[in-house]
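Notes follow the structure.
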Amino acid sequence: MTDRNRPFDGSRRALCAALAAAPFAPARAALGDKPIVIVAPYPPGGAADTLSRIVARHLATRLGRPVIVENKAGAGTAIGAGAVAQAAPDGHTLLLSSNTTFTMLPALRQKLPFDPARSFESIGGIGAIPLVLIANPSTPATSVKEVIALAKARPGALSYASFGIGTSSHFAGEAFKSAAGIDLLHVPYKGSAPAMQDLIGGQVPLAFDTNVPTVPMVKAGRVRALAVTTAKRVASLPDVPTLAESGFPGFDLSAWIVLVAPRGLPEPVRATLVKGLADAMATPAMRDELTRAGLEVAHEPPPAYDARVARELPQMRALVHKAGISSE
66 MTDRNRPFDG SRRALCAALA AAPFAPARAA LGDKPIVIVA PYPPGGAADT LSRIVARHLA
126 TRLGRPVIVE NKAGAGTAIG AGAVAQAAPD GHTLLLSSNT TFTMLPALRQ KLPFDPARSF
186 ESIGGIGAIP LVLIANPSTP ATSVKEVIAL AKARPGALSY ASFGIGTSSH FAGEAFKSAA
246 GIDLLHVPYK GSAPAMQDLI GGQVPLAFDT NVPTVPMVKA GRVRALAVTT AKRVASLPDV
306 PTLAESGFPG FDLSAWIVLV APRGLPEPVR ATLVKGLADA MATPAMRDEL TRAGLEVAHE
366 PPPAYDARVA RELPQMRALV HKAGISSE
């Protein structure tokens, strides 16, 4: 009896294995069996790193293959972005980054190892991260108004940290300086984690950072949130006013996040990656995890990237000129 059932059991196991593998067949056909690498152009511990790992985990589930995050920090994201721009357009090397890479750095620097409009094609946008003006609790300022008064009383003596030259936190700080008519010393760091560490340690009194690392520190009482840079208040910090509410109508700056690949992907590869991300973004599990990390979740189809770059790059160049933002 047992012997007669063995061929049937073997066939059934083979059928089950085939059915289990079926959803991943298109991805395997398009991408082969190599793992996918998502380059995060920041050190570990920052917002881009956190979001990259969430995206990698859920994309791996959808594509049925390993998706690895590789941190390539430096030069305000230019090192990581340049590495991806020069990679083979085969779908195995991707970049998750923000408008720091795609519109701010190009507005600030003439020579980069990539062109935001020509080097990349979008797999899809995942949302935006609000930026927050934060202070060490010992800083004698509990509001934007008090920061301005303190800066005017001691011109050039008050400093703020950013997570790098040409990043969204740098642009937010310089835009705030220009709007408020104050002199703040910019102290750039190589990533969010070291900037936050020095803010908490009291080496710098102020910082602009995303709400991804900021929210836990605010809740723990280790930093004080003074304002968000978006047009509306954010769900993760509902009691924190906007800069627009704090005397600067129209102030609106955030870090939008997009997954891109080197331009020139074969159509089956592009379609597989686009569908994989879209399907992952449609799941409550991924959306909830991104929201808990501080992202204002909003999946955008690939054409939105080109439109954003075309619209925002001239705006950032105008801000560089008006605010006198320097790459030094």
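If you read the sequence shown in the working numbering, its first letter stands for residue 66, the second for the next number, and so on. Note that CB positions come from ideal geometry on N, CA and C, so glycine has one too. Please read all numbers here as calculations on a predicted model, not as lab measurements.
Whole-angstrom distance between A296 and M346, CA atom to CA atom | Approximately 25 Å between the Cα atoms of the pair.
Between V339 and the rest of its own chain, which residues show a CB-CB distance below 7 Å, the 5 nearest in sequence each way excluded?
-> I188, G189, P367
CB-CB length for L196 against F273, believed under 8 Å = 5 Å
In terms of residues, what are the limits of the beta strand (DSSP E) holding N136?
-> Its beta strand (DSSP E) spans residues 132–136.
Should S233 go down as buried or exposed, given a rule of 16 or more other Cβ atoms within 10 Å for buried?
-> buried
Just confirm the distance between the C-beta atoms of P181 and V374, as a whole number of angstroms; I'd bet it's less than 8 Å.
-> 5 Å
So the beta strand (DSSP E) E332 belongs to, where does it begin and stop?
-> Where E332 is concerned, there is no enclosing beta strand (DSSP E), although the alpha helix (DSSP H) it sits in stretches over 332–346.
Boundaries (first-last residue) of the alpha helix (DSSP H) holding P368 = According to the DSSP assignment, P368 belongs to the alpha helix (DSSP H) that extends over 368–388.
Distance CB(I101)-CB(I191) smaller than 7 Å | Taking 7 Å as the Cβ cut-off, I101 and I191 do not qualify as a contacting pair.
Since A388 contacts K242 with CB under 8 Å, what's their CB separation in whole angstroms?
-> 7 Å
Find the nearest neighbour of A138 within the set I390, S311, P106, P306, judged by alpha-carbon distance.
-> P106
Inspect the beta-carbon positions of L159 and A369 and report whether they are closer than 7 Å.
-> no
Do you know how far the Cα of A226 is from the Cα of P259?
-> 10 Å
Evaluate the contact criterion for the stretch 329–336 versus the stretch 146–163: three or more CB pairs, one atom per stretch, below 8 Å.
-> yes
Buried or exposed by the 16-neighbour rule on C-beta atoms within 10 Å, applied to A372 = exposed
Local conformation of A86 per DSSP, three classes = At A86, the pLDDT of 44 sits below 50, so the modelled position is not reliable; the number obtained from the coordinates is stated separately. A86 falls in the helix class under three-state DSSP.
Expressed to the nearest angstrom, what Euclidean distance is found between the alpha-carbon atoms of F179 and S391?
-> 20 Å
Per the contact definition of three or more C-beta pairs closer than 8 Å, is the stretch 157–177 in contact with the stretch 203–219?
-> no
Are there three or more Cβ pairs, one per stretch, closer than 8 Å when the stretch 243–256 is compared with the stretch 124–132?
-> no
Where A383 falls, given that 16 or more other Cβ within 10 Å makes a residue buried = exposed
Thinking C-alpha only, which one of T204, R298, A292, L378 is nearest H268?
-> Here the sequence assigns Gln to residue 268, which means His is not the residue at that position. The residue with the shortest Cα to Cα distance from Q268 is T204.
To the nearest angstrom, how far is it from the Cα of G238 to the Cα of L291?
-> 13 Å
In this structure, does DSSP put R289 in helix, strand or coil?
-> Of the three classes helix, strand and coil, the one that applies to R289 here is strand, per DSSP.
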